[in-house]
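Using our numbering, the first residue of the sequence shown is number 4, and each one after it goes up by one. Glycine included, each C-beta is placed from N, C-alpha and C at the ideal position. All figures in this text were calculated on a predicted structure; none of them were measured in a lab.
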Amino acid sequence: MNHEEMEMNYIAPTYGKRGITLVRGEGVYLYDDQGKKYLDCFSNVGVTILGHANPKINDAIKNQIDKLMNLHQSFISDIRAEYSKRIVEAAPDYLTRVFYCNSGTESVEAAIKFARATTGRPEIIATKMGYHGKTMGALSLTKTAPKYNNAFMPLLEDVNHFSYNDAQSLKEIISEKTAAVILEPIQGEGGIKPATKEFLEEVKKICDENGTLLIFDEVQTGMGRTGKLFAHTHFGVSCDIMCLAKGPANGVPIGMTLISDKVSEKLFKGAHTNTFGGNPLACAAGLAVLDYIDENKCLENAEEVGNYFMEQIRAIDSPLIREVRGMGLMIGLDLKTRATKYLKALQDEGILAFPSVSTVIRFLPALTFQKEHVDLVIEKLKKVLSE
Ligand SMILES: Cc1ncc(COP(=O)(O)O)c(C=O)c1O
Numbered sequence: 004m005n006h007e008e009m010e011m012n013y014i015a016p017t018y019g020k021r022g023i024t025l026v027r028g029e030g031v032y033l034y035d036d037q038g039k040k041y042l043d044c045f046s047n048v049g050v051t052i053l054g055h056a057n058p059k060i061n062d063a064i065k066n067q068i069d070k071l072m073n074l075h076q077s078f079i080s081d082i083r084a085e086y087s088k089r090i091v092e093a094a095p096d097y098l099t100r101v102f103y104c105n106s107g108t109e110s111v112e113a114a115i116k117f118a119r120a121t122t123g124r125p126e127i128i129a130t131k132m133g134y135h136g137k138t139m140g141a142l143s144l145t146k147t148a149p150k151y152n153n154a155f156m157p158l159l160e161d162v163n164h165f166s167y168n169d170a171q172s173l174k175e176i177i178s179e180k181t182a183a184v185i186l187e188p189i190q191g192e193g194g195i196k197p198a199t200k201e202f203l204e205e206v207k208k209i210c211d212e213n214g215t216l217l218i219f220d221e222v223q224t225g226m227g228r229t230g231k232l233f234a235h236t237h238f239g240v241s242c243d244i245m246c247l248a249k250g251p252a253n254g255v256p257i258g259m260t261l262i263s264d265k266v267s268e269k270l271f272k273g274a275h276t277n278t279f280g281g282n283p284l285a286c287a288a289g290l291a292v293l294d295y296i297d298e299n300k301c302l303e304n305a306e307e308v309g310n311y312f313m314e315q316i317r318a319i320d321s322p323l324i325r326e327v328r329g330m331g332l333m334i335g336l337d338l339k340t341r342a343t344k345y346l347k348a349l350q351d352e353g354i355l356a357f358p359s360v361s362t363v364i365r366f367l368p369a370l371t372f373q374k375e376h377v378d379l380v381i382e383k384l385k386k387v388l389s390e
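Now the structure itself:
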C-alpha cells in the first residue's frame, strides 16, 4: 500500500486529495516524494507565512522543545507572558487582552461566548458567504455552501446572516437581541472579496447604535497577509473582538481571540478554557515570527510584491478571467469557469495554489515571496489559461 492508499484507507473521508505526496519544504518551495519541486502559493491556506523550515523560527521552536513544550495556564510561563505582551502591543490599542486556543474555529467559538457574556444577548449576525470554521458554533456562522451546514442541523439558534458589503441589509435585521456582528475584512473562503471602507464604517456605526459588539475574524487576513499586521486597520474601523489563527506561529497550531476591556471585564475564572492554548512551544514560535516580520520588513514586502502580483495577473489577456481581487498577498483570480482544471494544470507545472469558491484560484504565498516567484507563476498561469 503506498502513502496515498494509506491516507485513503485510514483517514476519515472529509478531504478531497490532490494526488501528490509532499515530504519536505524549504522557504517558498515544497518537494514531493519523487523529488519534484513546487512553488508554494498557498502556504497551507495561509499558515506558513514565513516559509517552510524557516531556520530562525525553527531554532526558536527547537530551543523551546528542549526547555518546556506544554504548560497549563494555571501556571505562569515566562515565554507565554512575553508573547502575550508582544501580541497585545502589536494589536490596535482597543484590543487589550488575548485568549489562547489552537485554531481558527476555536478562536471564533471563544468570540461567540465572549460576545454573549459581555452583552447578555443571544444573537450573532454573520455575513452570507462568510467562513468562520466548522465546529458547531462557528459552523452556524459559516455560510459559504449549504452542504457544509445541512447535514449537521440543528445548528446554533439565534444566528442570522446579512449580505457582505451591504450595510442596509444589516440594518434590517439587527435588534436589541444582537450580541455581535462578525465578519472578515476580506472574505477568504467566500471568493477573496474585500470589504469596502464605507461598508465597514457603516457596520461599525450600526453596531454602536444598537449596543452590539463588532468582531473581526482575521484568521485568514491577519498576521501581515494584506501588508498590515491586521487587515481591518487598513480601514480605520475599530472592533471589540478579533479572531486570529493560521499564521502567528508559522505552522505550530495557535489560535487567539483578542478582546477589549469591555469584554474582559465580563469574563470570569473558568468562563472559557482549554488544555493546549498558550502553550510555550506556540508562544516561542510566535515571538520568533513577530521578530522575523519586523527584522525582514515582511509587511512592506507583502504590500509591494502583492501589488506586483495583482498587476501582473491583471495584465494577462485571457477571455477566461472575470476579475482579480485582493489585498497584499491575499489574491483571488476569479475565472468565468470552474477553477479545478486550472489548479490541476498549475500543479502539474509545479505551482501550488488553492481554490476559494469554485471559480476562484486563490494565492496566499508566504510573506517572503519575491517578484521573481511571481514572474514564474505568471508564466505558468499564462500557459495553463491558454491551453
Ligand atoms: C476567516 C476564517 N475563520 C475561521 C477559519 C477556521 O480556521 P481553522 O481551520 O483553523 O479552524 C478559517 C479557515 O480557513 C478562516 O478562513
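Selection from Lys200, Glu201, Glu205 that minimises the alpha carbon distance to Leu173: Selected option, being the one with the closest Cα: Glu205.
Use the C-beta contact count for Ser402: other C-beta atoms within 10 angstroms, 16 or more gives buried, fewer gives exposed. An answer regarding residue 402 cannot be provided, because it is not within the stretch 4 to 390 covered by the chain.
If I follow the unbroken beta strand (DSSP E) through Tyr103, where does it start and stop? 100 to 104 is the extent of the beta strand (DSSP E) around Tyr103.
8 Å Cβ shell around Tyr311 - same chain, five flanking residues per side excluded: Result list for Tyr311: Lys374, Val377, in chain order.
So, using beta-carbon positions, are Val162 and Leu203 closer together than 7 Å? No, the pair does not count as a contact, with Cβ atoms beyond the cut-off.
Given this structure, state the Cα-to-Cα distance separating Ile195 from Gly329, to the nearest angstrom. 6 Å
Okay, do the region 107 to 116 and the region 251 to 267 touch, 3+ Cβ pairs below 8 Å being the bar? yes
Starting from Leu33, trace the beta strand (DSSP E) both ways and give me its first and last residue. 32 to 35
Would you list the one or two residues that DSSP bridges to Glu326? Paired residues: Asp337.
CB of Asp36 within 7 Å of CB of Leu355, strictly: no
Of the choices Pro157, Gly280, Ser166, whose alpha-carbon is the least far from that of Ala391? Nothing can be reported for residue 391, as the shown portion of the chain is limited to 4 through 390.
Are Gly136 and Ile115 close, meaning C-beta to C-beta below 7 Å? The Cβ-Cβ distance between Gly136 and Ile115 does not fall below 7 Å.
To the nearest angstrom, how far is it from the Cα of Ile334 to the Cα of Pro368? 9 Å
If you drop the 5 nearest sequence neighbours on each side, which residues of the same chain put their C-beta closer than 6 Å to that of Ala56? For Ala56, where only same-chain residues beyond five positions count, the Cβ hits under 6 Å are Gly28, Glu29.
Any heavy atom of ligand 1 closer than 6 Å to the CB of Thr108? yes
Whole angstroms are fine: how far does the CA of Glu352 sit from the CA of Glu306? 26 Å
Let me know the alpha helix (DSSP H) ranges lying completely inside the region 152 to 210, each 4 residues or longer, listed in chain order. Within the region 152 to 210, the complete alpha helix (DSSP H) runs of at least 4 residues are 170 to 174.
Which partner residues does Lys40 have in the DSSP bridge list? Tyr34
Ala148 CB to nearest heavy atom of ligand 1 below 6 Å: Relative to ligand 1, Ala148 has its C-beta separated by 6 Å or more from all heavy atoms.
Buried or exposed for Cys361, going by 16 or more other Cβ atoms inside 10 Å? Looking at the sequence shown, residue 361 is not Cys but Ser. With fewer than 16 other Cβ atoms within 10 Å, it is exposed.
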